[in-house]
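All residue numbers for the sequence shown refer to numbering that gives the first Met the number 0, where the first residue is 0 and numbers rise by one.
Backbone N, C-alpha and C fix where the C-beta goes; we use that ideal spot for every residue, glycine too.
Notes for the one structure printed next.
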Amino acid sequence: MFTGEKIHAPAQAGSDADASRTVLFDFDGVLFQGDAFQLFIRHRYASSLMYRMLAMLCMPWWLLCGVFSQRLASRTLIHVALCGLGTQRYQVAAEAFADQLVRQPRQFYRDGLSVLRRHLAEGDQVIVVTGCERILVARLLSQLGLPELRIVASQLKPGLFGMRVHMHNVGRRKVQNLATQGVTNWRLAYSDSFQDMPMLKQAAEAVLVNGTPKLCKRVEKALGRAVTRVAWY
């Protein structure tokens, strides 16, 4: 169910005919409780001594990266966990993990999924715009009975030693990648993160999911207008 207090009327920006039926959903923290791809990487390490040993061997490089860039340090751990996986083997591993994950209790926000399905039933164009990896999130949504849902997500590419990060769909890149698909205006955007400010700013109505008072105030200050706040379980 849709819960929370609506504290303003939708703004007029982006309210043309096409945008009036377009609704964006973040995935992690909005539909999924946590970070799905991070859980997959942790699973890779937990299930293989070899990957844990490789991570230890890369520790000096990882620590050095962390001094200058947390993003680079994080990518190093991701690339180690995906070492030896080509495109097909990665897809098999990611989809098998998704099949396990979807059966675990309390992994998804039932309220969020209900709202998403309501938008679909009302004829809205729903797009999941996420930093999660495309194959993993697509499998999760398919297992939830949403196989045809449009997805704009992060992507991997094959490298010399395994799959590597090709494009991390976060922040301004979400807006840029939507634009490459011809989506430049939207009526609603659901998010739980300040990182999604570019996406929220272009929405006629910005919705924060389970946002703390501090986050809500920060987002409203950056937007220059109020947001809709919802509490989902």
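Counterpart residues of residue i in DSSP-defined beta bridges
i: Lys156; result: Arg163
i: Leu207; result: Ser190, Arg228
i: Thr21; result: Gln124
i: Ile150; result: Val127
i: Phe31; result: Asp27, Phe107
i: Thr221; result: The residue you asked about is not Thr; residue 221 is Ala in the sequence shown. Partner(s): none; Ala221 has no beta bridge.
Extent of the continuous alpha helix (DSSP H) to which residue i belongs
i: Thr179; result: 171–179
i: Thr86; result: 86–100
i: Thr183; result: First-last for Thr183: undefined, no H or E at that position.
i: Ser141; result: 133–142
i: Leu241; result: Only positions 0 to 232 of the chain appear in this structure, which leaves residue 241 out of reach.
i: Ser73; result: 69–80
Outcome for residue i when other beta-carbon atoms lying within 10 angstroms are tallied against a minimum of 16
i: Val229; result: buried
i: Thr21; result: buried
i: Tyr189; result: buried
i: Val91; result: exposed
i: Tyr89; result: buried
i: Asp98; result: exposed
i: Thr211; result: exposed
heavy atom of the ligand COA below 7 Å from residue i C-beta
i: Val208; result: By its list of ligands, the structure shown contains no ligand whatsoever, and the ligand COA lies outside what it can speak to.
Report task. Could you tell me whether the stretch 134–148 touches the stretch 32–44, where touching means 3 or more Cβ pairs closer than 8 Å? Result -> yes
Query - Segment contact, 8 Å Cβ cut-off, at least three pairs: the stretch 117–125 with the stretch 217–230 - result: no
Query - Contact the stretch 76–91 vs the stretch 150–166: 3+ CB pairs below 8 Å - result: yes
Report task. Could you say if the stretch 166–175 and the stretch 189–197 meet the contact criterion of at least three C-beta pairs nearer than 8 Å? Result -> yes
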